[in-house]
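S.K.: Dumping the structure here so I can ask a few things about it.
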Amino acid sequence: MLFASFFLFMALVFFFLITINAIVKRDRNIPLYIFLTTILSGLFFYFSIDIFAK
45 MLFASFFLFM ALVFFFLITI NAIVKRDRNI PLYIFLTTIL SGLFFYFSID IFAK
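For the sequence shown, the numbering used here assigns the number 45 to the initial residue and increments by one for each residue that follows.
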């Protein structure tokens with residue numbers, strides 16, 4: 045239970061840090077970063093739900 049909430053928290057933190065970092069630096073690859081962080085946070089989310097189910 046604690047492990048699953050940790051995964052969820054990490055997914056959100058990861059997403060916000062990388063996206064905010066890209067926006068602050070005014071990087072041209074912002075859509076790419078948003079895409080990658082969405083996939084990664086989605087994977088974290090999936091694993092956390094998988095752990096919740098068990």
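Note that beta-carbon positions come from the ideal geometry of N, C-alpha and C, so glycine has one too.
Are F91 and F53 close, meaning C-beta to C-beta below 9 Å?
M.R.: Residue mapping note: residue 91 aligns to position 47 of the sequence shown, counting from 1. Residue mapping note: residue 53 aligns to position 9 of the sequence shown, counting from 1. Contact: no.
S.K.: Can you look up N73 in the DSSP assignment and give me helix, strand or coil?
M.R.: In the sequence shown, counting from the first residue as 1, residue 73 sits at position 29. In the structure shown, N73 sits in coil (DSSP, three-state: anything other than H, G, I, E or B).
S.K.: Taking its Cβ as the centre, do 16 or more other Cβ atoms sit within 10 Å of F59, making it buried, or is it exposed?
M.R.: Position 15 of the sequence shown, counting from 1, holds the residue named residue 59. Buried, because 16 or more other Cβ atoms sit within 10 Å of the Cβ of F59.
S.K.: Which same chain residues, not among the five before or five after A66, have their C-beta less than 6 Å away from its C-beta?
M.R.: Against the sequence shown, residue 66 aligns to sequence position 22. If we look at A66 and ignore the five residues flanking it on each side, its Cβ neighbours are I74 and Y77.
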